[in-house]
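Going left to right, the sequence shown walks through residues 2 to 337 as our numbering numbers them.
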Amino acid sequence: MTELLEFKNVTKVFSSGLLTKTSTTAVRNVSFKLAQDDPTIMTVAGESGSGKTTLAMLLLGFIPATSGQILYKGTDIKNLRGAERMIFRREVQAVFQDPFAVFNPFYTVDHLLTVPIKRFKLANSKSEAHEKMIEALTAVGLHPQDILGRFPHQLSGGQRQRINVARALVLRPKVLVADEPVSMVDASLRANILELLQSLKEDHGVSIIYITHDLTTAYHVAKSIMVMYRGTVMEAGSVDRIIKKPEHPYTRLLIDSIPWPDLKRRWGETDIKAREAAIEDISEGCKFYGRCPFAMDKCKVFPPLFQLNEEQAASCYLFDENKQIASEKLSELLPV
2 MTELLEFKNV TKVFSSGLLT KTSTTAVRNV SFKLAQDDPT IMTVAGESGS
52 GKTTLAMLLL GFIPATSGQI LYKGTDIKNL RGAERMIFRR EVQAVFQDPF
102 AVFNPFYTVD HLLTVPIKRF KLANSKSEAH EKMIEALTAV GLHPQDILGR
152 FPHQLSGGQR QRINVARALV LRPKVLVADE PVSMVDASLR ANILELLQSL
202 KEDHGVSIIY ITHDLTTAYH VAKSIMVMYR GTVMEAGSVD RIIKKPEHPY
252 TRLLIDSIPW PDLKRRWGET DIKAREAAIE DISEGCKFYG RCPFAMDKCK
302 VFPPLFQLNE EQAASCYLFD ENKQIASEKL SELLPV
């Protein structure tokens, strides 16, 4: 069966400079799949600059890949034209990070929700469009009578983010790209947004790419995870296994940076430490080489993915006795 969405060895390189060209690899050789009939939530995690948002921009078709393919229902998105492209635009939606910047302050909520309905011709009358707005707002836990007719500045951050989700939901998407959807929402409202994402998957059959630097929320919302660093997948697999028993040195350090509500556990007391000052930076090889406490000469050659178990793989020569797997096979280890 054709996959709903597939990344096949996707790389994105940004170039800059007029006389002296410099290039930055924002995403390197990333592969994963989303099945058509089995909705899931997959986390893409990493610190700032790891390539998470670039991956989202590629997925949404906002920027072209330098190499590799991004397939939607078996067709490369760069080749989509006419009706096929409109279907892609409707079925692949996004929820962005800042609920205060995504809306035009001069328009009411009604207008913000009506535009996509008109653009994709989803209603034959104003009354039908109004019904769709009410249905979408109710689905995200808002009371339409309290929301419709109001301007964005009259709403809280949590309400705006829910409206952002409702705007996507009104189009009945197949894939939702949620780029740091709770990072600018009050802590008291984060659980509500995460529960909303879960309900979109369970009740509406939406697959979600959840992009975050917050591994705590990733653990609660997702089934699978890809941990990225400087555009490269460091470790991937079951979110439960990777959060509880990380293997890649970068993932171990990243998870150790999370404060835990456990008085017996000392924050930051891990058995490994990153280098305080990075050793030589290398253009090829492992991107974590300069900070890794286990760096070896062989790490100057880019490491492949090694399968650690049935639900976990890491790109690290510490596990070179394990079976190598091609990046396009990584999705076989990602639970749904």
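Cβ atoms here follow ideal geometry from the backbone N, Cα and C, with glycine treated the same way.
The straight-line gap separating the alpha-carbon atoms of lysine 34 and glutamate 329 is approximately 9 Å.
Per DSSP, the unbroken beta strand (DSSP E) holding glutamate 236 starts and ends at 233-239. At a cut-off of 4 residues, the continuous stretches assigned as alpha helix (DSSP H) that sit fully inside the region 146-177 are 158-170. When the five nearest sequence neighbours on each side are left out, the beta carbons in the same chain lying within less than 7 Å of the beta carbon of threonine 252 are those of Val228, Met235, Glu236 and Ile243, in order along the chain. Valine 31 is a Cβ neighbour of leucine 56, given a cutoff of 8 Å. The straight-line gap separating the alpha-carbon atoms of tyrosine 290 and proline 250 is approximately 10 Å.
When DSSP states are grouped into helix, strand and coil, valine 222 belongs to the helix group.
In terms of CA proximity to leucine 72, Leu5 leads the group Leu5, Gly206 and Gln313. Nearest C-alpha to glutamate 322 among Lys127, Phe307, Lys301 and Asn125: Phe307. Valine 93 is bridged by DSSP to Val176.
Counting only residues of its own chain and dropping the five nearest sequence neighbours on each side, valine 302 has a CB closer than 6 Å to the CB of Gly286. If you look at methionine 43, you'll find it in the beta strand (DSSP E) that goes 42-46. If you look at arginine 29, you'll find it in the beta strand (DSSP E) that goes 23-35.
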